[in-house]
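The next block holds one structure in the form of structure tokens; read it before the comments.
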Amino acid sequence: MRKYKKKKEDIQNHLIYKCLYKKKTKSILMCNKRDCKKVLNGINNYICKKCRKSFCLPHRYSDVHNCIKSDEEKSFFKSNIKKNKYILKLFIYILTKYLCYVVLFFNMKNRVCFNILMFLLYPIFLNSSFHKKNIYSCIN
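The sequence shown lines up with residues 1 to 140 when you count with the UniProt record's numbering.
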């Protein structure tokens with residue numbers, strides 16, 4: 001009987017003070033990609049190592065879900081590429097500057113040997129401001 005009275009009092013207090021009972025719901029884990037409404041569970045859940053967000057399997061790649069961290073890394077590498085291009089241009093400049101001495105050192109006054117050398121080094125010269133006249137002037 002006591003339990004019944006106590007429950008009845010609890011119910012009355014609840015109604016008097018207008019306590020709103022909200023049932024706790026489990027939070028549903030969804031894919032963090034915009035416009036994707038896939039519900040994630042233990043099998044199809046992937047946490048991005050760069051931005052630490054959960055994604056479904058099709059959106060797990062950083063370029064697909066537009067990962068902010070990957071954009072920062074790309075900009076970092078772009079700045080390094082600019083530095084590397086400068087170093088490469090400097091190397092090509094030095095190589096073209098002293099190539100005529102290399103040609104003379106190996107006695108490659110023959111045009112056939114020179115053309116073979118140009119064929120081997122052509123990919124490097126293609127990217128530089130190199131002119132064949134510079135080396136032809138050293139040979140002749």
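The C-beta atom is built at its ideal place from N, Cα and C for all residues, glycine as well.
Notebook entry, point to check: Thinking C-alpha only, which one of 89, 31, 66 and 51 is nearest residue 45?
Noted result: The count along the sequence shown starts at 1 and reaches residue 45 at position 45. Distances from the alpha-carbon of residue 45 to those of 89, 31, 66 and 51 put 31 closest.
Check: Taking 7 Å as the cut-off, does the CB of residue 30 come closer than this to any heavy atom belonging to the ligand MN?
Finding: No copy of the ligand MN occurs in the structure displayed, which carries no ligand at all.
Notebook entry, point to check: If residue 65 and residue 33 are in contact, beta carbons under 8 Å, what's the gap, nearest whole angstrom?
Noted result: Counting from one through the sequence shown, the residue named residue 65 turns up at place 65. Counting from one through the sequence shown, the residue named residue 33 turns up at place 33. That belief holds up - the Cβ atoms of residue 65 and residue 33 are roughly 5 Å apart, short of 8 Å.
Next item on the list: From the DSSP output, in three-state form, read off residue 28 for me.
Entry: Counting from 1 along the sequence shown, the entry for residue 28 is found at position 28. For residue 28, the secondary structure class from DSSP, reduced to helix, strand or coil, is coil.
Next item on the list: Use the C-beta contact count for residue 55: other C-beta atoms within 10 angstroms, 16 or more gives buried, fewer gives exposed.
Entry: As a position in the sequence shown, residue 55 is number 55, starting the count at 1. Residue burial is scored here from C-beta neighbours: residue 55 has at least 16 other C-beta atoms within 10 angstroms and is therefore classed as buried.
Margin query: Pull the bridge partners of residue 46 from the DSSP assignment, please.
Written below: What you label residue 46 is simply residue 46 of the sequence shown in a count that begins at 1. Per DSSP, 55.
Check: Count the other CB atoms within 10 Å of the CB of residue 27; is the residue buried (16 or more) or exposed (fewer)?
Finding: For the purposes of this step, residue 27 is taken as the residue at position 27 of the sequence shown. That one is exposed.
Item checked: Given residue 41 as reference, the closest of 14, 67, 29 and 12 once Cα atoms are compared -> Along the sequence shown, read from residue 1 onward, the residue named residue 41 stands at position 41. Looking only at 14, 67, 29 and 12, the smallest Cα-Cα distance to residue 41 is reached by 29.
Margin query: Within a Cβ cutoff of 7 Å, which residues of the same chain sit near residue 11, ignoring the five residues on either side of it in sequence?
Written below: One-based indexing of the sequence shown puts residue 11 at position 11. Listed in chain order, the non-local C-beta contacts of residue 11 below 7 Å within the same chain number zero, local neighbours out to five positions each way being set aside.
Next item on the list: Give every residue of the same chain whose Cβ lies closer than 7 Å to the Cβ of residue 36, excluding the five residues on either side of it in the sequence, and list them in chain order.
Entry: Working through the sequence shown from its first residue, we reach residue 36 at position 36. Excluding positions up to five away in sequence, the list reads 56 and 59.
Notebook entry, point to check: Can you list, in chain order, the residues of its chain whose CB lies under 7 Å from that of residue 16, leaving out five sequence neighbours each side?
Noted result: Residue mapping note: residue 16 aligns to position 16 of the sequence shown, counting from 1. Answer for residue 16: no residue qualifies.
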